[in-house]
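**Q** Below is one structure. I have some questions about it.
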Amino acid sequence: MEKFDLIVIGGGPGGYVTAIRASQLGMKTALVEANHLGGICLNWGCIPTKALLRSAEVYHLMQHAGAYGLAADNIRFDLKKIVDRSRGVASQLSGGVKHLLKKNKVTVYDGYGKLAGKGTVSVEGKTPAQLEAPHIILATGARARVLPGLEPDGKLVWTYKEAMVPTSMPKSLLVVGSGAIGIEFASFYRTMGAEVTVVEVMDRVLPVEDEEISAFARKAFEKQGMKIMTGAKVVKLTKGADSVTVTIDVAGKAQDVTVDRVISAVGITGNVENIGLETAGIKVDRGHVVIDEWCRTSAAGVYAIGDLAGPPWLAHKASHEGVMCVEKIAGVKGLHPLDISKIPGCTYCHPQVASVGMTEAKAKAAGYEVKVGRFPFMGNGKAIALGEPEGMVKTVFDAKTGELLGAHMIGAEVTELIQGYTLTRSMEGTEAELMHTVFPHPTLSEMMHESALDAYGRAVHF
Amino acid sequence: MPTNILMPALSPTMTEGTLARWLKKEGDKVKSGDVIAEIETDKATMEVEAADEGVLAKIMVAAGTSGVKVNAPIAILLEEGEDASALNKTPAPANASAPVAPLPVAAATAPKPVAVPAAAPAAQSGERIFATPLAKRIAAERGINLASLQGTGPHGRITREDVLAGKSNGHGVQLPATTAQGTALAHPPATGAIADMLTKLGQTFTAIPNNNVKKVTAKRLLESKQTIPHFYLTIDCRIDHLLGMRKRINETGIKVSVNDFVIRAVALALKEIPAANAAWTDEAVLRFNEVDVSVAVATPNGLITPIIKGADKKGLSSISDEMKTLAEKARTGKLKPEEFMGGGFTISNLGMFGIKDFAAIINPPQSCILAVGAGEQRPVVTNGAIEIATIMSCTLSVDHRSVDGSVGAEFLQAFKKRIEDPALMLL
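Written out as C-alpha cells, the structure is:
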C-alpha cells in the first residue's frame, strides 16, 4: 500500500496539470493513466487535429498561390505523410508530459485506476498497485457519444479517432453534428478535396456560438462547397461495401445521401464506468459526475474535474478546474469557483471561430440592455494584406456598466485573438479600457479595438 | 551603533498618526522611560517613551507632521559617547528594533491586520484603492464607497462581486474608530467652498482647524443620524431619595455624583434588560456579553466617550473613582484606545448645565444612548395632592433596527426603578 497526499486518476490535460500543481504545492502526488499521458486532447484530439488542419491550410494556400503572385503547379498531397506528421506531433508532446511529471516528482502508475474503498485506489494493468490518499481527483475524461443506429464501426462510420488517421481520402463524407469537432473534420476533409455534407439537428451550425457568427460560418462553408443541412436528423444508415446511404429527415421530409464515409460527432459522454463510482456512492447525472462549485463529488475526499464532470468539454476548462480543486484542498487563499462565462472556446475550421462570454441573444434573455459592436475583416489592413478579408469581430457590452458580456469572432487567427477579450473579462474591464488600450498597427487585433468603438458608435475604419 | 526610533503603533489598527510635538531636542540626553514625543491619533494623544539610554541625535519628522506611517523612522538615537559621524551608518529601518515603548500597548510590533485594505479615509490621504474597472463603475453608479469594501480578488482587489455583496456586509460590526484611522490633519484650515462663499459675502470669521477627534466625531455623528432609524423615549425620574442618599454618602467623605448613580443604575438596568445592550448588523443583532457603559465627556479637543467596563460588577465608589480618572485623562488627551473604543451603551449628561431634557445621537455601533437632564424641583401630583419633588427627565435614543419600543421602555422602567429607589442599587 503506497501512501500519497493526492491521487489523480487520468493523465489528460485535467489530470496531469492537476498533478503538477499539487506537487508544486508540496503534496506527494500519484497519477494513474491507462493509455497515454496527455489524454485525448494531446493524443487524439486538440493537438493532432491542429496538425492536420495546418496541413490543410498550407494546401489551401498552395492552391491559391496565384493570388499572392506565386506559381505552383501539380499540387498534390501525401495523406500518409500528413497523418504521420500529426501522429509525430502528438507523440512528441506526450513525451514532454512524461518529462514534466518526472521533473515535478509525480509518481506515474501505468494502468487503470479505480476507487477501492475510502481513500484507496487500486491500479490494474502494467504496474498493479494499491494506493492510499486522503484526496482523490477523478479526471478520466470522456469519449464520443454514440447515437442508436449511428454506431461507429471503424470502417464506414467513423468517430474522431478513425477520422484522424485516414488511410485513404474519402471522395465524399457526411458529418453528423456541427459542433467544434464535427466542423473541424468537415473543414479538413473539404479543404483536402472531399465532398462534405454536414447534418445538424439544431437550426444552425456551431449552435453554441452567437447566431450571427453561425450564419456567417454557414455562408463561408457553403461558399467552400460544403453542403449544410440544419434542423436535420439521421434516421437510417444503409451500409454498402465501400459506401453508406444515409437517410436524413429534414423538416419531415426524408432524403437519401450516399457517401463513402460517415463521421459521428454528436457530443461526448463521461468515462464514468469501471472507476468505482457506484461503490463509493458518487452521484452521476446523464453521463457526468455531479460536483459542486469546488469540484467535490457526493463522496468526501473524492473530486471530479474536466470532461468527466460535465461541459464545457474543453481541455483548458479541465486544467483550470483541476488547479482550482487542488488549491482548494491545499487551503490556498483567495480562490474563486470557475466562472464558465470567462472560458473561451475555439474552433479551428476555416475560417476560425472563437468566443467568450454571452451571445447577444443570451445577454438579452438574461435581461441586459446591450450595446453591440461589429467590425468586418474587410476594414482591417492586416487582414487585407494577409488575403483574409473574410470574418468579423462582434462584441456585446452591458449598456449600463460597460461590462464586456461577450465577444464573438470569426476569421483568420481569431483563436489567437480571443485571449485579449478573455483577459478583459477576467480583469473585469469595460469598454473604456478597451478603447484606451493601444493596439499595435497593423494587426488583426485592431479589429478588437474597432469592435468596442463600434458598440459606442465610434468605429474609425468602417 | 545608531538606532532608529520608529513611529509606534498605538493600537493594532493604527496605520499612521500625527507627530504632535517633540519633548526633547536634538542633542538632549534621554533615559529609558523619558517621554520624548507626543503622537496624536484619531482620538487620543499618546506619549512616546524612550526604551534606551542615549542622545537624541537627529529628529527626522518635524513636530506637527501628519500622516506619519507606523514604523517609519522618526528620530535617531546615538549611544552615549558615540560620535555624530556614526549617523552616516544609520541602520536600515527594516532591521532596527524599535527602542520605543509606546504607551499604552506594546503594539509597536503588532502586525497590521493584513486582510483589511486601506480604510475609508485612506483614499483621502492619497492611497490607491485597487478595484477592477467594472467594480469602480458599479460602485460609482450606486454611490458605494469602495474604501468601505474588502476585496476578494488578486492581492485584495475589489471585484464586481465584492461591490454587489458590499451592501449586505455589516459595516456596523467594525469599530467606527478604526474605520476612521489614518485621517490626516488638513494643513490649511479655512479653505473650501463655504469659507470662500462667506468671504465673498463679506462675513469675517476665525477658522479653528478640525483636529482628528473633531473629524472622527463629525463623521460618526453624521453616519449615525443618517443611517440609524432613531426613536426617542422620555421618562421622568423622581430623585429625592437619591439626593438624600448621596448627601449621606458624601458626608462620610466619599464624594459621589448624581452621574455616578446614573451609571450604576444604567448598568444594573442593562443587566436586567440585556436586549438594550446590543449592536445592529445586517446579519445579526450582536448582544454584548459584558455591561460596558460609555460616558460622554466634553474636552477642549472635542467629545470623547471613555468606558466604565463591567459597570454592573462595580460599586458606586469604584465607578466614581474610575470616572474621575477617565474624565481627567480624557480632558488631557491621555486616554488609551481601549479606554474609549468599544462600549455597549452611552450616557450623555447635560444636567449640570440646567438642560431640562434633550435627545442625543446614538454612538454607533451601539443601539442606545441615554440623555440625562437636570434634576429640578417641579410640582407633581401624588395621590390627588400637589407636592414638590425633584425630577430628572431622561430621554433614551434608540436604534429601532436592534431595539424595539417595548424593550426601550422596559429598560427605562428598570432604570427609573433604581434611580427612584437607590436602595435597589445595593443589590
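Just so you know, the sequences run in chain order S and Y.
Per my numbering, residue -15 is the first one in the first sequence, and the count goes up by one each step.
Per my numbering, residue 868 is the first one in the second sequence, and the count goes up by one each step.
Virtual Cβ for every residue (Gly too), placed ideally from N, Cα, C.
1) Indicate the three-state DSSP secondary structure (helix, strand or coil) for Q991 of chain Y in the structure shown.
2) My assumption, with CB atoms under 8 Å, is that A447 of chain S sits in contact with S339 of chain S. Please give the rounded CB distance.
3) Can you say whether F1072 of chain Y is buried or exposed, counting buried as having 16 or more other CB atoms within 10 angstroms of its CB?
4) Hey, quick one: how far does the alpha helix (DSSP H) through L407 of chain S stretch, first residue to last?
5) Report the three-state DSSP secondary structure of G1275 of chain Y (helix, strand or coil).
6) Report the three-state DSSP secondary structure of W297 of chain S (helix, strand or coil).
7) Do three or more CB pairs link the segment 1156 to 1167 of chain Y to the segment 1189 to 1206 of chain Y at distances below 8 Å?
8) Taking the alpha helix (DSSP H) that F205 of chain S falls in, what are its first and last residues?
9) The beta strand (DSSP E) that contains M881 of chain Y, what's its start and end?
10) Comparing the C-beta of G351 of chain S with each C-beta of chain Y, is any distance below 8 Å?
11) If I follow the unbroken beta strand (DSSP E) through K220 of chain S, where does it start and stop?
12) Consider the Cβ of G318 of chain S: report whether some Cβ of chain Y lies at a distance smaller than 8 Å.
13) Can you confirm whether M1002 of chain Y, when its beta carbon is compared against all beta carbons of chain S, has any partner nearer than 8 Å?
14) Please confirm whether T912 of chain Y has its beta-carbon closer than 8 Å to some beta-carbon of chain C.
15) Can you name, in chain order, every residue of its own chain whose Cβ lies under 6 Å from the Cβ of K267 of chain S, other than the five neighbours on each side?
16) For Q336 of chain S, count neighbouring Cβ atoms within 10 angstroms of its own Cβ and tell me buried if that reaches 16, exposed if not.
17) I want to see whether chain Y comes within less than 8 Å of M432 of chain S, judged by CB atoms only; does it?
18) Can you give me, in chain order, the residues of the segment 392 to 420 of chain S that have a beta carbon less than 7 Å from any beta carbon in chain Y?
19) Output, in chain order, the set of chain S residues within a Cβ distance shorter than 8 Å of I1005 of chain Y.
20) Just verifying my parser: in three-state terms, what is the DSSP assignment at F446 of chain S?
21) First and last residue of the alpha helix (DSSP H) that includes K1223 of chain Y?
22) Taking only beta-carbon positions, decide if M932 of chain Y is within less than 8 Å of chain S.
23) Rounded to a whole number of angstroms, what is the C-alpha to C-alpha distance between R995 of chain Y and T1101 of chain Y?
24) State the DSSP-derived secondary structure class of H420 of chain S, mapped to helix, strand or coil.
25) Kindly indicate if chain S contains any beta-carbon less than 8 Å away from that of R1198 of chain Y.
26) Can you tell me which residues form a DSSP beta bridge with F359 of chain S?
27) Give a yes or no on whether 8 Å exceeds the smallest Cβ distance from T999 of chain Y to chain S.
28) Please work out which residues of its chain come closer than 7 Å, Cβ to Cβ, to A51 of chain S, disregarding the five sequence neighbours upstream and downstream, and give them in chain order.
29) From T242 of chain S to T181 of chain S, what distance separates their C-alpha atoms?
30) By Cβ distance below 6 Å, which residues in the same chain neighbour T231 of chain S in space, the five residues on each side in sequence not counted?
31) Please classify G1177 of chain Y: does DSSP put it in a helix, a strand, or coil?
32) Assuming L944 of chain Y contacts I872 of chain Y (C-beta within less than 8 Å), just tell me the rounded distance between them.
33) Please give me, in chain order, every unbroken run of the beta strand (DSSP E) with length at least 3 that falls completely inside the segment 1179 to 1212 of chain Y.
34) Taking only the alpha-carbon atoms, compute the straight-line gap between V1274 of chain Y and F1212 of chain Y and give it to the nearest angstrom.
35) Taking only three categories from DSSP, how would you classify K891 of chain Y?
36) What residues from chain S crowd round P1021 of chain Y, counting only those whose CB sits closer than 8 Å?
**A** Taking the definition as stated:
1) Caution applies to Q991 of chain Y, whose pLDDT of 41 falls short of 50 and renders its modelled position unreliable; the model cannot decide the point.
2) The structure shown does not extend to residue 447 of chain S, since chain S spans only -15 to 446, so no value can be given for it.
3) exposed
4) V398 to S410
5) In the displayed model, G1275 of chain Y falls within a helix according to three-state DSSP.
6) coil
7) yes
8) E195 to K207
9) From DSSP, M881 of chain Y is part of no beta strand (DSSP E); its letter is neither H nor E.
10) no
11) A216 to K223
12) yes
13) Going by the sequence as given, residue 1002 of chain Y is Ala instead of Met. Yes, A1002 of chain Y counts as interfacial toward chain S.
14) Of the protein chains in this structure, namely S and Y, none is chain C.
15) V274 and S282
16) Its Cβ being crowded by 16 or more others within 10 Å, Q336 of chain S is buried.
17) no
18) M411, E412, G413, T414, A416 and E417
19) T385
20) coil
21) Unbroken run through K1223 of chain Y: none, as it is neither H nor E.
22) In the sequence as displayed, the identity of residue 932 of chain Y is Thr instead of Met. Judged by the 8 Å Cβ criterion, T932 of chain Y is not in contact with chain S.
23) 47 Å
24) helix
25) no
26) S:V377
27) yes
28) G371
29) Roughly 10 Å between the two C-alpha positions.
30) V219, K220, A238 and D240
31) coil
32) 6 Å
33) none
34) If you take the alpha carbons of V1274 of chain Y and F1212 of chain Y, they lie about 14 Å apart.
35) coil
36) G318
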